[in-house]
Amino acid sequence: MRYKKLGNTDLNISVMTVGTWAIGADGWGDVDLKDSIDAIHTALDNGINFIDTAPIYGFGNSEEVVGKAIQGYKDKVMIATKCGIVWGDDKVSRKYAGYDSIIKECDMSLKRLGVDVIDLYQIHWPDVTTPIEESMRALNKLKEVGKIRYIGVSNFSAEQIEEAQQYGEVNSLQPPYCMVNRTAEDLMKWCKQRGIGTLTYGSLGAGILTGAFRELPHFEADDRRLKFYDYFVEPKFSKIMELLKTLDAIAADHGKPTAQVALNWSTQNPIVDTALCGIRNPREAKENCDAMDWMLSEDEIKTIDAAYAKIFG
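Heads up: the sequence shown begins at 286 in my numbering, then just goes up one per residue.
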């Protein structure tokens, strides 16, 4: 496993992070609890030391699974979670990052995770109904009393980060990023210039960069892969299939799975501190960790980028 500092923090994190949206079992198909816990154990046993989760993933279920999984590993793992999406008994969610709400959310996350401190606490999405000064005041208070170590944001623009920084230090940004979704590149470069760490999500394009989908799949209407991403609709699906031919060839040259090419492309990028990668079972976890045992050459990265430019324009 390879490690990097997260921005200007003292968190020395693995360049691959366990992403736990799918293990929340909300809109990602069938998820097995034992498989999820065993997958996290496999990741930690193979050098990953950072886990990212959120209360909204499975309405608290993801954090609870992580809490169960890290028993006995607490001295080996750092935890990132989030605030700013709340829900009621009807499980209808909304963005809200008010002062009292953030304080309450943090206490609930600490309880579900079974930890005394959260290493990185992130506002999940911008809340345009609440002044960012109020949200940052809550985060600064949590930091002051020792419940969180660092403050991050997810899905924020440069302007929103700058506004937040008027009221406290923002240590990281979590944007969507992979070789078929590069819209955040300029923002990530901007962050790196300012010492703001970057955690990227969607590193395998909701699974499409693993090569698991060679024909347009049918998902249930509420499946997150269909609702949140545009990879599984035409014409983008066919373009990705064309790009996969290049990845497949490089993978074959190394005798490695295609997914490992995609993971190395992300983790070798200097604007990426760590790439989130979802895992459902121990096999996936081990395969993903094994990607860090080898690296793409500069020529191979150039070949991938040239193919991308030709196909996507």
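Ideal placement from N, C-alpha and C gives every residue a C-beta, glycine not left out.
Taking a cut-off of 8 Å on C-beta distances, the stretch 396–404 touches the stretch 352–360, as three or more cross pairs fall below it. In the assembly as shown, residue 582 is an exposed residue. Its beta-carbon has fewer than 16 other beta-carbons within 10 Å. Proximity to residue 518 across 549, 477, 478, 502 peaks at 502, based on C-alpha coordinates. A straight-line Cα-Cα distance of about 15 Å links residue 438 and residue 560.
Of the candidates 563, 291, 528, the residue whose Cα lies closest to the Cα of residue 305 is 563. When secondary structure is reduced to three states using DSSP, residue 485 falls in the strand class. Taken atom to atom, the span from the alpha-carbon of residue 366 to that of residue 590 is near 32 Å. Between the alpha carbons of residue 292 and residue 335 lies a gap of roughly 14 Å. In the DSSP assignment, residue 299 forms a beta bridge with 288.
Take the alpha-carbon of residue 363 and the one of residue 396: they are about 16 Å apart. Rounded to the nearest whole angstrom, the C-alpha separation of residue 506 and residue 431 is 42 Å.
For the 7 Å CB-CB criterion, residue 464 and residue 550 form a contact. For residue 397, there is no enclosing beta strand (DSSP E); the enclosing alpha helix (DSSP H) covers residues 384–398. Shown here for residue 475: same chain residues with a beta carbon closer than 7 Å to its own, the five before and five after excluded, namely 443 in chain order. For residue 335, the enclosing beta strand (DSSP E) covers residues 335–337.
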